[in-house]
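See structure below.
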């Protein structure tokens with residue numbers, strides 16, 4: 001049996017650290033979002049039958065009653081990337097996993113965003129740079 005070994009591409013990418021501190025919020029499906037202040041450099045809404053997830057700047061959360069995991073930093077990968085390009089996220093997540101940095105990833109039409117906990121930010125930046133990525137922090 002001839003099994004062809006697939007190679008996953010690793011690519012040197014450019015990432016920018018967004019300026020805000022972010023939160024990942026969970027709301028019940030169908031919850032109105034009029035109380036959340038949309039704005040800042042990144043705001044994401046994902047709606048499923050089971051939940052409504054919002055990633056937003058911490059300052060956008062109107063109350064402490066909203067279930068939220070706070071204190072995330074967000075990297076924007078400089079895209080756009082063609083949909084058939086394989087290994088983009090892996091190029092970022094593999095070195096972070098090796099450095100024991102957990103992530104929360106979000107993809108948009110043009111690019112990807114990778115969030116890491118703020119207490120692991122310096123480790124994340126070091127791991128990404130060691131892997132050959134360019135990381136802008138200002």
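In full-length UniProt numbering, the protein residues as written are 1 to 138.
All C-beta atoms in this analysis are idealised placements derived from N, C-alpha and C, irrespective of residue type, glycine included.
All figures in this text were calculated on a predicted structure; none of them were measured in a lab.
(request) Drop a sphere of 10 angstroms on the beta-carbon of residue 97, count the other beta-carbons inside from all chains shown, and report buried for 16 or more, exposed for fewer. (result) Along the chain shown, read from residue 1 onward, the residue named residue 97 stands at position 97. Result: exposed.
(request) Closer than 8 angstroms by C-beta to residue 130: which residues in its own chain qualify, once you throw out the five before and the five after it? Chain order, please. (result) Counted from its first residue, the chain shown places residue 130 at position 130. The residues are 95.
(request) Could you please give the first and the last residue of the uninterrupted alpha helix (DSSP H) stretch that includes residue 99? (result) Taking the first residue of the chain shown as 1, we reach residue 99 at position 99. That residue, residue 99, is in no alpha helix (DSSP H); it is neither H nor E in DSSP.
(message) Which residue marks the beginning of the alpha helix (DSSP H) containing residue 123, and which one marks its end?
(response) Indexing the chain shown from 1 puts residue 123 at position 123. Here the alpha helix (DSSP H) through residue 123 covers 121-130.
(message) Going by the DSSP bridge assignment, what does residue 57 pair with across the sheet?
(response) Position 57 of the chain shown, counted from the first residue, corresponds to residue 57. DSSP output for residue 57 lists 22 as bridge partner(s).
(request) Give a yes or no on whether the C-beta atoms belonging to residue 13 and residue 52 are separated by under 8 angstroms. (result) Mapped onto the chain shown, residue 13 falls at position 13. Mapped onto the chain shown, residue 52 falls at position 52. Between residue 13 and residue 52, the C-beta gap is not smaller than 8 angstroms, which leaves the two residues out of contact.
(request) Within its chain, find whatever has a CB closer than 6 angstroms to the CB of residue 46; leave out the 5 residues flanking it on each side and keep chain order. (result) As a working mapping, residue 46 is identified with position 46 in the chain shown. Excluding residues within five positions, the ones whose Cβ falls inside 6 angstroms are 53.
(request) Reducing DSSP to helix, strand and coil, say where residue 73 ends up. (result) Counting from one through the chain shown, the residue named residue 73 turns up at place 73. Strand, per DSSP.
(message) Beta-carbon within less than 6 angstroms of residue 32's beta-carbon, same chain only, minus the 5 sequence neighbours each way: which residues are those?
(response) Taking the first residue of the chain shown as position 1, residue 32 is located at position 32. Its chain contains no residue whose beta carbon lies nearer than 6 angstroms to that of residue 32 once the 5 sequence neighbours on both sides are disregarded.
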